[in-house]
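Heads up: the structure comes next, in structure tokens.
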């Protein structure tokens, strides 16, 4: 058997999200499920910052 003397590589510089979304519209719903939604993430962060927990009952009395 012969052996490969050279290894050919190719770098692809492209927007893979754009290629998939434009090339295969059937999987658009799947992509919406698995790709992060930045608006939802920011909304979730804001909701977390608004939560206030009363922990006075767990702290020792001062004084």
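Numbering (the numbering used here), first residue to last: 31 to 93. By construction, the Cβ of each residue, glycine as well, lies at the ideal position given by its N, Cα and C atoms.
query                                                                                  : result
Inter-residue spacing [alpha-carbon to alpha-carbon] between residue 56 and residue 63 : 13 Å
Coarse secondary structure for residue 36, derived from DSSP in three states           : coil
DSSP state of residue 79 mapped onto helix, strand, coil                               : helix
Range of the contiguous alpha helix (DSSP H) that encloses residue 58                  : 58-64
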